[in-house]
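To start, the structure itself, in structure tokens.
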Amino acid sequence: MEDFLYEVVEITQTIWDGVLFGSTYALIGIGFTLIFGAMGKLNMAYAGAAIAGAYVGLAVSMFLDAPIIFVFAVSALVSTLMGYIVYQTCFRFIPTHNHLAALMASVGGLFLIDEVIVLATRGSPMNFPGLFEDAYFELGPFGIRGDLLFVFFIGIVSTVVLLYVLFKTRLGMATRAVAQQDVAAQLCGINIHRTNSITFSIAGLLGGIAGAMTAAAVGVLSPVMTVPLTIKGLIVTVIGGLGSIPGAIIAGLFVGAFENFFLYIRGIDERDMYVVALLFIFLVFRPNGIFSKTITRD
Amino acid sequence: MDFYLNLINTIGIHTMLGLSAYLLLQTGQLSLAQAGFFAVGSYTAAILTVIFQWNIIPSVLVAMLVTGFLAFLVGFPALRVKGLMLVVATIAFSEFVRMFFYNLKWRVTKNGEEIGPDGTMGFAEIRYFSDNGWSNLEVTFFLWTFVIIIMGVIWWSDQSRTGAVLRAVGEDELAASSVGINLTVVKVSAMTAGGFIAGLSGGLYAHQVTSLDHHSFTVLLGTFAIAYPILGGLSNVFGTLVAVIFIQGLLVEGLRFLGDWRMILFGLLIVLAMNFKPLGLFDKQTIAIIKRSIRV
Numbered sequence: 001m002e003d004f005l006y007e008v009v010e011i012t013q014t015i016w017d018g019v020l021f022g023s024t025y026a027l028i029g030i031g032f033t034l035i036f037g038a039m040g041k042l043n044m045a046y047a048g049a050a051i052a053g054a055y056v057g058l059a060v061s062m063f064l065d066a067p068i069i070f071v072f073a074v075s076a077l078v079s080t081l082m083g084y085i086v087y088q089t090c091f092r093f094i095p096t097h098n099h100l101a102a103l104m105a106s107v108g109g110l111f112l113i114d115e116v117i118v119l120a121t122r123g124s125p126m127n128f129p130g131l132f133e134d135a136y137f138e139l140g141p142f143g144i145r146g147d148l149l150f151v152f153f154i155g156i157v158s159t160v161v162l163l164y165v166l167f168k169t170r171l172g173m174a175t176r177a178v179a180q181q182d183v184a185a186q187l188c189g190i191n192i193h194r195t196n197s198i199t200f201s202i203a204g205l206l207g208g209i210a211g212a213m214t215a216a217a218v219g220v221l222s223p224v225m226t227v228p229l230t231i232k233g234l235i236v237t238v239i240g241g242l243g244s245i246p247g248a249i250i251a252g253l254f255v256g257a258f259e260n261f262f263l264y265i266r267g268i269d270e271r272d273m274y275v276v277a278l279l280f281i282f283l284v285f286r287p288n289g290i291f292s293k294t295i296t297r298d
Numbered sequence: 299m300d301f302y303l304n305l306i307n308t309i310g311i312h313t314m315l316g317l318s319a320y321l322l323l324q325t326g327q328l329s330l331a332q333a334g335f336f337a338v339g340s341y342t343a344a345i346l347t348v349i350f351q352w353n354i355i356p357s358v359l360v361a362m363l364v365t366g367f368l369a370f371l372v373g374f375p376a377l378r379v380k381g382l383m384l385v386v387a388t389i390a391f392s393e394f395v396r397m398f399f400y401n402l403k404w405r406v407t408k409n410g411e412e413i414g415p416d417g418t419m420g421f422a423e424i425r426y427f428s429d430n431g432w433s434n435l436e437v438t439f440f441l442w443t444f445v446i447i448i449m450g451v452i453w454w455s456d457q458s459r460t461g462a463v464l465r466a467v468g469e470d471e472l473a474a475s476s477v478g479i480n481l482t483v484v485k486v487s488a489m490t491a492g493g494f495i496a497g498l499s500g501g502l503y504a505h506q507v508t509s510l511d512h513h514s515f516t517v518l519l520g521t522f523a524i525a526y527p528i529l530g531g532l533s534n535v536f537g538t539l540v541a542v543i544f545i546q547g548l549l550v551e552g553l554r555f556l557g558d559w560r561m562i563l564f565g566l567l568i569v570l571a572m573n574f575k576p577l578g579l580f581d582k583q584t585i586a587i588i589k590r591s592i593r594v
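Chains as they are written, first to last, in the working numbering: chain A, 1 to 298; chain B, 299 to 594.
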């Protein structure tokens, strides 16, 4: 009985930690979803840009000996800029109906960013400053890591701000108009390229925050993080339903919990296999994601 | 000399890999699963020759059939999702396969030596060619026989009704189904054919490099597989061959003195090529120019 209770507490704790960490996946998922919603295209360079932002933030903080919040601000800013650059180089001049070429270009962008990072850091992982490492709250038998709580908090705040911008401002209205019907939006006098580049920048901003959050929660920053983060982000986007922001949030938290649970019972080597299997289950039984909206464009 | 033969072998294997994605791209499906099929083919063929001591030709053919069947199975659920969702599904499939081989441990003792796939350590005892005294030149001929057969078959299918059907589905699915083309059959067949070719090339690859490691089958390999036909253009098989020679021969081997900068060049090249030639190097324009200059 003692053992059983101990297991229950451990597993609940694991799942709870996973949910908190899942907020980073949720942010990455929202970024993919935003861009997909706006253009109907996948930006594969997205998570790469997020990690690159975190790197620049780290570099600046190392030179200036700045506080941790500053690292977050710089990485968000750099990642915003990267989002804009990715739009200009990989999407702006490629014919809109040619999905293959845009996707391929952004994959090229991902490798470019990846390799620049490898070259700049000589491929070795770097320590990322931890957040409130000594903060630890206890709730009965459970404990809450202060850094994960902070990560979760930032995730919530960014989501709320994003939803405000999207649904309460003129800018958000323009973005949603382009997403719904780009030709009609253009006829109403909305500049599509301008709106799209703003959408990419906003997504980049979220990505930068998510990149810094991931690095802070894991404790290291390494170029091998880009591809797994891209894949996790895509999985979250698909499970949540392409183009759905609430879906991306819930799927992000869920994937975080799911992954941590399997990490606990099966170990690090097999963890990602189960996450991918989860995606397959969704593709077979619920291909449009949790928040099923019929997808008309592909 | 050995260096050049190895390069030629690599070009052959990557051409086959590119052609397996070429068929799928013709039907408008962007699949990153080719890396996964390639991995399945290479592990299957290697297990057959090493653990079961088979001859290489049946092992490679069985690897091809196994992979083709797997592709057939993957084709059905993947068909439920379209376009960009297919990309995500196929990336996930590749990663699943890679993770599977990362965890696969199957050691047996043969002739007082322990052999077989060893999880994270990889699979290192694939010495079929050296055990049977094949020279490097023979290996190259053996390999390129398959490459030429596959290129020939796809070239022929491009000229025939098959190619027209594939292209019709790729151009416009609605139009294609309204002239009586069964979309499911065409797409699953293309997926299966792609699986056959990728499995075959994987089986040959395993014996050419003599050791397998899950690091070789990442998303990067899947990207290479679709990058060749996209960069070369989907009008004919030689576009893929030229793209492979350019990337493997010139960019990866020829510019070795640039070190890590080569990979940056690869990324940059893809971005630039997609901006200036979104339909590939050998699009209608280029082919018209080549035809005109040949006539003059």
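Note that CB positions come from ideal geometry on N, CA and C, so glycine has one too.
- request: Using 7 Å as the cut-off, classify the Cβ of I389/B as near or not near the heavy atoms of the ligand PLP, replying yes or no.
  value: No copy of the ligand PLP appears in this structure; indeed no ligand is present at all.
task: Have a look at the DSSP bridge pairing and note the partners of I144/A.
output: Reading the first sequence from its first residue, position 144 is the one you call residue 144/A. Per DSSP, F137/A.
task: Can you tell me the Cβ-Cβ gap for L481/B and A474/B, rounded? I've got them flagged as a contact below 8 Å.
output: As a first step, residue 481/B must be located in the second sequence, where it is residue number 183. As a first step, residue 474/B must be located in the second sequence, where it is residue number 176. Confirmed, Cβ separation roughly 7 Å.
- request: Could you tell me which residues DSSP puts in a beta bridge with I413/B?
  value: Position 115 of the second sequence, counted from the first residue, corresponds to residue 413/B. DSSP lists V406/B as partners of I413/B.
query: If we count the other Cβ atoms within 10 Å of its Cβ and call it buried at 16 or more, is R286/A buried or exposed?
result: For the purposes of this step, residue 286/A is taken as the residue at position 286 of the first sequence. With fewer than 16 Cβ atoms within 10 Å of its Cβ, R286/A is classed as exposed.
message: Per the DSSP calculation, M383/B is bridged to which residue(s)?
response: As a position in the second sequence, residue 383/B is number 85, starting the count at 1. For M383/B, which the question treats as bridged, DSSP gives no partner whatsoever.
query: Is the beta carbon of A541/B less than 8 Å from the beta carbon of G316/B?
result: Here residue 541/B is taken as the residue at index 243 of the second sequence, counted from 1. Here residue 316/B is taken as the residue at index 18 of the second sequence, counted from 1. Their beta carbons are under 8 Å apart, which means A541/B touches G316/B by this criterion.
message: Under 8 Å, Cβ to Cβ, is there at least one residue of chain A near L510/B?
response: Stepping through the second sequence from its first residue, residue 510/B is reached at position 212. So, not an interface residue.
message: Taking beta-carbon pairs under 8 Å, can you tell me which members of the stretch 80-96 of chain A lie near chain B?
response: T89, C90, F93, I94, P95
Length of the line joining the Cα atoms of W454/B and T388/B: Taking the first residue of the second sequence as 1, we reach residue 454/B at position 156. Taking the first residue of the second sequence as 1, we reach residue 388/B at position 90. Rounded to the nearest angstrom, the two C-alpha atoms are 28 Å apart.
query: What number of angstroms, rounded off, separates the C-alpha of P67/A from the C-alpha of V276/A?
result: As a position in the first sequence, residue 67/A is number 67, starting the count at 1. As a position in the first sequence, residue 276/A is number 276, starting the count at 1. Going by the C-alpha atoms only, they are around 37 Å apart.
task: Return the CA-CA distance between Y400/B and G531/B, expressed in angstroms with no decimal places.
output: Start at 1 with the first residue of the second sequence, and residue 400/B comes out as number 102. Start at 1 with the first residue of the second sequence, and residue 531/B comes out as number 233. Computed Cα separation, rounded: 34 Å.
message: Check whether the stretch 231-250 of chain A and the stretch 92-108 of chain A are in contact - that is, three or more C-beta pairs closer than 8 Å.
response: no
message: I want to see whether chain B comes within less than 8 Å of M273/A, judged by CB atoms only; does it?
response: If you number the first sequence from 1, residue 273/A lands on position 273. It does; some Cβ of chain B falls within 8 Å.
- prompt: Listed in chain order, which residues of the stretch 557-577 of chain B have Cβ atoms closer than 7 Å to some Cβ of chain A?
  reply: D558, M561, I562, F564, G565, L566, I568, V569, M572, N573, P576
task: Indicate the three-state DSSP secondary structure (helix, strand or coil) for V477/B in the structure shown.
output: The count along the second sequence starts at 1 and reaches residue 477/B at position 179. Coil.
query: If you draw a straight line from the alpha carbon of V60/A to that of P375/B, how long is it in whole angstroms?
result: Within the first sequence, the letter at position 60 stands for residue 60/A. Within the second sequence, the letter at position 77 stands for residue 375/B. Looking at the backbone, the Cα of V60/A and that of P375/B are separated by about 47 Å.
task: Check each residue of the stretch 486-505 of chain B: if its Cβ is closer than 9 Å to any Cβ of chain A, include it; give the result in chain order.
output: Within the stretch 486-505 of chain B, no residue has a Cβ that lies closer than 9 Å to any Cβ of chain A.
- prompt: Any residues in the stretch 241-258 of chain A with a beta carbon nearer than 8 Å to a beta carbon of chain B? Which ones, in chain order?
  reply: L242
Under 7 Å (Cβ pairs) to chain C, residues found in the stretch 206-240 of chain A: Included in the structure are the protein chains A and B, with no chain C among them.
message: Counting only C-beta atoms, is F111/A closer than 8 Å to chain B at any point?
response: By one-based count along the first sequence, residue 111/A stands at place 111. It does: the Cβ of F111/A has a partner Cβ on chain B nearer than 8 Å.
- request: Would you mind stating whether V606/B and Q506/B have Cβ atoms separated by less than 8 Å?
  value: The shown model of chain B, from 299 to 594, leaves out residue 606/B, and the question about it has no answer.
field: 8 Å Cβ cutoff met for L510/B and A504/B
entry: The residue labelled residue 510/B in the question sits at position 212 within the second sequence. The residue labelled residue 504/B in the question sits at position 206 within the second sequence. Cβ atoms of L510/B and A504/B: closer than 8 Å.
query: Quick one: does H193/A have its CB under 8 Å from some CB of chain B?
result: Within the first sequence, residue 193/A is the residue found at index 193, counting from 1. By this cut-off, H193/A is not an interface position.
- request: Out of D558/B, G501/B, L549/B, point me to the one whose CA is closest to L363/B's CA.
  value: By 1-based counting over the second sequence, the position of residue 363/B is 65. Considering only alpha carbons, the answer is G501/B.
- prompt: Can L566/B and L112/A be called in contact, C-beta distance under 8 Å?
  reply: On the second sequence, residue 566/B is found 268 positions in, with the first residue counted as 1. On the first sequence, residue 112/A is found 112 positions in, with the first residue counted as 1. Result yes, Cβ atoms of L566/B and L112/A sit closer than 8 Å.
- prompt: Hey, is E115/A's beta-carbon within less than 8 Å of any beta-carbon in chain B?
  reply: Stepping through the first sequence from its first residue, residue 115/A is reached at position 115. Yes, E115/A counts as interfacial toward chain B.
task: Would you kindly check if the distance between the Cβ of L166/A and the Cβ of L206/A is under 8 Å?
output: Here residue 206/A refers to the residue found at position 206 when the first sequence is read from its first residue. Here residue 166/A refers to the residue found at position 166 when the first sequence is read from its first residue. For L206/A and L166/A, no; Cβs fall outside 8 Å.
Nearest neighbour of I312/A, chosen from V56/A, G22/A, N191/A, I15/A [CA to CA]: This structure cannot settle anything about residue 312/A, because the visible part of chain A is limited to 1 through 298.
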